[in-house]
Amino acid sequence: MARRAMTMPRALVNGINLAYEVFGSGPPLLLIMGYRLNSRAWPPDFIDALAERFTLIIFDNRGTGQSDKPSSGYALSNLAKDICGLLDHLEIERCHVLGYSMGGAVAQELACRYPERVQKLILCATLPGGQKSVYAGPAVVTVMRELVGLTPQEAARRIATVTYAPSYLEENRERVERQMHREIVDPTPLHAADLQFQAFVDFDASDALAGVRAPTLVMTGDQDRLIPPHNSRLLAELIPNARLVILPGLAHRALWEATEACASLVANFLDDAGERQDEGLREARANAG
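Reading the sequence shown from the start, the letters are residues 420 to 708 in our numbering.
See below:
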């Protein structure tokens with residue numbers, strides 16, 4: 420495994436201390452985690468595979484993990500500003516960017532507001548916001564509402580029921596349990612989770628995405644119940660230079676369910692050789708199916 424230090428270094432950016440790690444070898448690739456999770460949640464096999472080809476920059480969004488947890492400043496545009504401060508601290512002018520779920524919304528803000536910082540963009544299981552986006556159905560919303568007052572472990576188990584494909588959850592209970600234990604280290608306090616959630620609800624980049632200059636890969640699982648695949652199709656329509664991959668049999672946690680296939684897909688998209696990109700897409704589809 421390529422990492423990790425128990426105590427992460429912190430950088431003072433945009434008025435807060437942001438915890439981060441840098442490891443791996445190759446062109447820089449920034450990973451942005453989703454709602455309520457910190458950087459410990461990234462699937463270890465996915466991270467290790469990417470670290471063989473890229474210098475990874477992972478961090479805890481404000482309000483999560485080892486970063487500061489202020490009482491304000493959670494607008495996703497401000498989280499993008501946090502990232503620019505981190506890149507300045509690391510003296511990285513430009514990098515590839517991958518955002519997952521809410522992190523994909525932050526990645527869109529970054530690409531729209533600071534296009535000079537984004538070389539290539541990967542949007543995983545996310546949405547553009549706005550009136551055309553499709554949100555989770557009533558059954559999923561009920562599960563999410565019932566998280567209030569639960570212990571971190573209980574909440575993680577409930578979330579797993581709507582973020583993993585049922586077949587994967589049934590066949591990989593021990594693996595999912597280990598992942599849940601990683602995710603409840605440094606649990607996100609309620610005030611930060613609430614502010615993140617409201618910021619995600621308020622997010623709307625739909626009118627700005629036509630200005631995204633970075634080549635973009637939009638990817639999702641066809642069984643995503645939390646952020647349905649329609650949203651990825653919409654993103655691919657709104658972003659000028661976007662390619663769409665919908666992975667069969669995978670859900671919102673596609674990166675966890677098919678780590679090897681997803682890492683291959685990401686790495687080959689970021690590779691400049693066009694033939695290898697196409698081969699990687701075919702391989703990822705085959706492995707996921």
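The beta-carbon is built from N, C-alpha and C at its ideal position, and this holds for glycine as well.
Checklist entry - Based on the DSSP output, what are the partners of methionine 599 in its beta bridges? => result DSSP output for methionine 599 lists no bridge partner at all.
Item to check | Cβ-based burial, asparagine 457 [other Cβ within 10 Å; buried from 16] | outcome: Asparagine 457 comes out buried.
Checklist entry - Can you name the start and end residues of the alpha helix (DSSP H) that histidine 610 belongs to? => result 609-621
Item to check | Coil, strand or helix - leucine 542 by DSSP | outcome: strand
Checklist entry - According to DSSP, which residues form a beta bridge with histidine 515? => result Under the DSSP definition of a beta bridge, histidine 515 partners with Leu448.
Checklist entry - Taking Cβ positions, are leucine 449 and leucine 542 nearer each other than 7 Å? => result no
Checklist entry - Roughly how many angstroms lie between the CA atoms of aspartate 613 and leucine 498, to the nearest whole one? => result 15 Å
Checklist entry - Around the C-beta of tyrosine 454, are 16 or more other C-beta atoms found within 10 angstroms, so that it is buried, or is it exposed? => result buried
Checklist entry - Do you know offhand how far glycine 522's Cα is from arginine 652's? => result Their Cα atoms are separated by approximately 18 Å.
Next on the checklist: Please report the straight-line C-alpha distance between arginine 672 and tyrosine 583, rounded to a whole angstrom.
Outcome noted: 5 Å
Next on the checklist: I'd like the span of the alpha helix (DSSP H) that includes threonine 582, first residue to last.
Outcome noted: For threonine 582, the enclosing alpha helix (DSSP H) stretches over residues 571-582.
Checklist entry - Do the CB positions of leucine 517 and alanine 618 come within less than 7 Å of each other? => result Leucine 517 places its beta carbon 7 Å or farther from that of alanine 618.
Next on the checklist: Quick check for students: name the residue ranges of the alpha helix (DSSP H) that lie wholly in the segment 641-669, counting only runs of 4 or more.
Outcome noted: 649-657
Next on the checklist: Residues in the same chain with beta-carbon distance under 8 Å from valine 525, minus the five sequence neighbours each way, listed in chain order, please.
Outcome noted: Ile451, Asn480, Leu495, Leu498, Ala499, Ile502, Gly518.
Checklist entry - Cα separation between valine 567 and proline 557? => result 17 Å
Checklist entry - What number of angstroms, rounded off, separates the C-alpha of glycine 434 from the C-alpha of glutamate 679? => result 37 Å
Checklist entry - For methionine 638, which residues does DSSP report across the bridge? => result In the DSSP output, where bridge partners are listed per residue, methionine 638 has Cys543, Val664.
Checklist entry - Beta carbon of phenylalanine 442, beta carbon of leucine 475: below 7 Å? => result yes
Item to check | Counted within 10 angstroms of its Cβ, other Cβ atoms place alanine 430 as buried (16 or more) or exposed | outcome: buried
Item to check | Where the beta strand (DSSP E) through glycine 443 begins and ends | outcome: 435-443
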